[in-house]
Amino acid sequence: MTSQMVKSQTAKSWFPYALLVAAAIALDQWVKHLVETGLAFQEKVDLVPFLALYRTYNTGIAFSMFSSFGDTGLVVIAAFVVAFVLYLAARTPPGHVLTRIGFALIVGGALGNLLDRATYGHVIDYILFHTPVWSFAIFNLADAFIAVGAVLVVFDELIGWRREAKPSSD
Numbered sequence: 001m002t003s004q005m006v007k008s009q010t011a012k013s014w015f016p017y018a019l020l021v022a023a024a025i026a027l028d029q030w031v032k033h034l035v036e037t038g039l040a041f042q043e044k045v046d047l048v049p050f051l052a053l054y055r056t057y058n059t060g061i062a063f064s065m066f067s068s069f070g071d072t073g074l075v076v077i078a079a080f081v082v083a084f085v086l087y088l089a090a091r092t093p094p095g096h097v098l099t100r101i102g103f104a105l106i107v108g109g110a111l112g113n114l115l116d117r118a119t120y121g122h123v124i125d126y127i128l129f130h131t132p133v134w135s136f137a138i139f140n141l142a143d144a145f146i147a148v149g150a151v152l153v154v155f156d157e158l159i160g161w162r163r164e165a166k167p168s169s170d
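For the sequence shown, counting from 1, position 78 maps to 78 in full-length UniProt numbering; every step adds exactly one.
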């Protein structure tokens, strides 16, 4: 096989994941646009007894951590995280489809939030899980993509460890 054919095969094998990244970013940005243009700032809109929409801004990363780093510092951190996840994804064997999907969701979510931070200086959050006496941190679809992606990566790794741990019947 020529090196051109290998490059073409590699590009084809990553195409569905690149498409998933693009879809995650597009969906995240579209929903955030709808929230920004149609939801009053910091006014709770109950959907069901435990779930509400509540538009607010996050100036940090993950539950407002590192907000003291400033916009530029947080953009740099996010860019390094995306680069590291892409590095891990590139080292993932083609058979680990769940891991690759997980990495694509993580990258899509991280880039969606990175776009917010670079554009507005904050991330737009709007999903609130709550009870009458407790509430979870307010988050967005990009955060959900990151969390689901991380679960998929861990799940696929656990499956892999189980496969390797099975004794062979010789």
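Built from N, CA and C at the ideal position, the CB exists for glycine as well. If you're wondering where the values come from, they're calculated on a predicted model, not measured in any experiment.
Simplified DSSP assignment, three categories, for residue i
i	result
W161	helix
I138	coil
H122	coil
L39	coil
Residue i versus the options, residue with shortest Cα-Cα distance
i	options	result
N113	F136, V75, I138 and F84	V75
G60	R117, F145, N140 and L152	R117
P49	T131, H122 and A89	T131
H122	A78, A40, G38 and A83	A78
residue 182	P93, I124 and T37	In this structure the chain extends from 1 to 170, so residue 182 is not present and cannot be described.
CB of residue i within 7 Å of CB of residue j, strictly
i	j	result
F129	L27	no
R55	Y126	yes
V81	F103	no
V21	V107	yes
R100	Y17	yes
Residue i: CB within 6 Å of a non-hydrogen atom of the ligand PLP
i	result
L86	Absent from the structure shown: the ligand PLP. Ligands present: none.
Anticipated Cβ contact below 8 Å, residue i with residue j, distance rounded
i	j	result
F145	G109	3 Å
G160	L105	Not confirmed; about 18 Å, so no contact.
Within the region 43–114, ranges of the alpha helix (DSSP H) (whole runs, at least 4 residues): 70–90
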